[in-house]
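As you go down the protein sequences, you meet chains S and B in turn. All residue numbers for the first sequence refer to my numbering, where the first residue is 2 and numbers rise by one. All residue numbers for the second sequence refer to my numbering, where the first residue is 4 and numbers rise by one. For each residue, glycine too, the CB sits at the ideal point set by N, CA and C. Notes to accompany the following structure.
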Amino acid sequence: GNSVTQMEGPVTLSEEAFLTINCTYTATGYPSLFWYVQYPGEGLQLLLKATKADDKGSNKGFEATYRKETTSFHLEKGSVQVSDSAVYFCALKTSGDKIIFGKGTRLHILP
Amino acid sequence: GAGVSQSPRYKVAKRGQDVALRCDPISGHVSLFWYQQALGQGPEFLTYFQNEAQLDKSGLPSDRFFAERPEGSVSTLKIQRTQQEDSAVYLCASRKTSGYDEQFFGPGTRLTVL
């Protein structure tokens with residue numbers, strides 16, 4: 002079946018460090034891939050998405066590239082800020098309507 | 004503009020009680036989704052409506068769970084005879100149309116069953 006696996010947290014970094022959160026997926030067909038973010042006390046928000054192989058999604062300095070050959074969609078940011086502290090979810094959607102989420106990775110950024 | 008709202012934000016129930024969770028989607032949004040998020044886990048799909056029609060209820064964990072959207076707007080998720088394993092955050096999301104539009108999530112209702 003369809004599934005998403007992402008690196009376990011928590012991940013703790015200093016401000017201005019480089020961030021990578023790994024995500025791999027298993028899916029039939031050609032899924033769309035997403036990163037969602039959940040800031041403390043807030044609801045889930047779409048951070049970025051990619052709908053086909055080799056697409057790069059980007060938003061707020063975050064990027065992720067849809068790699069079909071490695072079934073991956075790793076999240077990266079060159080210089081993190083304290084305000085990036087949140088829980089990040091990798092997710093996929095196939096031809097159906099439901100979104101399948103990973104377990105989430107909690108990110109702590111230290112000033 | 005108003006986003007997706009859910010009420011109550013927190014609900015404590017004794018085991019065996021029935022609960023009803025409400026979702027107000029963004030006005031005009033056709034599609035509505037319910038997800039269950041257990042502590043430390045990602046959200047898991049429960050059910051999906053397009054207007055008033057429930058098109059997919061494959062994620063409902065048992066026949067104690069029931070969802071409705073009678074007028075194609077507000078939706079209610081009802082859980083009968085609650086059990087401790089029902090403790091979770093219940094998320095509602097709405098989407099403008101079908102297909103690849105973004106799902107917008109509400110803040111969730113945290114249900115604790117004692």
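With distances taken from CA atoms, which of Gln-40/B, Ser-78/B and Gln-9/B is nearest Gly-62/B?
-> Gln-40/B
Where DSSP assigns a beta bridge to Lys-57/S, which residues make up the other side?
-> BP columns for Lys-57/S point to Thr-66/S.
Kindly give me the distance between the Cβ atoms of Leu-93/S and Pro-32/S, rounded to whole angstroms, as I take these residues to be in contact under 8 Å.
-> 4 Å
Using the beta-carbon of each residue, which ones in chain S are nearer than 8 Å to Gln-106/B?
-> Annotation: Cβ neighbours of Gln-106/B in chain S (cutoff 8 Å, chain order): Leu-47 and Ile-100.
State yes or no: is the beta carbon of Gly-103/S nearer than 8 Å to at least one beta carbon in chain B?
-> yes
In angstroms, rounded to a whole number, what distance separates the CA positions of Phe-102/S and Tyr-51/B?
-> 16 Å
Work out the CA separation of Gly-75/B and Gln-57/B for me, nearest whole Å.
-> 10 Å
Could you work out which residues of chain S lie near Gln-44/B, taking near to mean beta carbons separated by less than 8 Å?
-> Lys-104 and Gly-105
What does Phe-63/S touch in chain B if you count any residue whose Cβ is under 8 Å from its own?
-> Per Cβ cutoff of 8 Å: no residues; Phe-63/S is ~16 Å from chain B at best.
If we cut at 8 Å on Cβ distances, does Glu-9/S have a partner in chain B?
-> no
Could you check how far apart the C-beta atoms of Thr-79/B and Leu-24/B are, in whole angstroms? I think they sit under 8 Å.
-> 7 Å
For Leu-34/S, which option in Asp-98/S, Gly-10/S and Thr-52/S has the closest C-alpha, if you only look at C-alpha atoms?
-> Thr-52/S
Cα-Cα separation, Leu-49/B to Thr-112/B | Here the alpha carbons of Thr-112/B and Leu-49/B stand approximately 14 Å from one another.
So the beta strand (DSSP E) Gln-40/B belongs to, where does it begin and stop?
-> 34-40
Segment contact, 8 Å Cβ cut-off, at least three pairs: the segment 14-21 of chain S with the segment 5-17 of chain B | no
Chain S within 8 Å of Asp-59/B, Cβ atoms only = yes
What span of residues does the beta strand (DSSP E) with Asp-59/B cover, start to end?
-> 56-59
With a 10 Å radius around its C-beta and 16 neighbouring C-beta atoms as the bar for buried, classify Lys-17/B as buried or exposed.
-> So Lys-17/B ends up on the exposed side.
Ser-96/S versus Gly-62/S - alpha carbon distance = 29 Å
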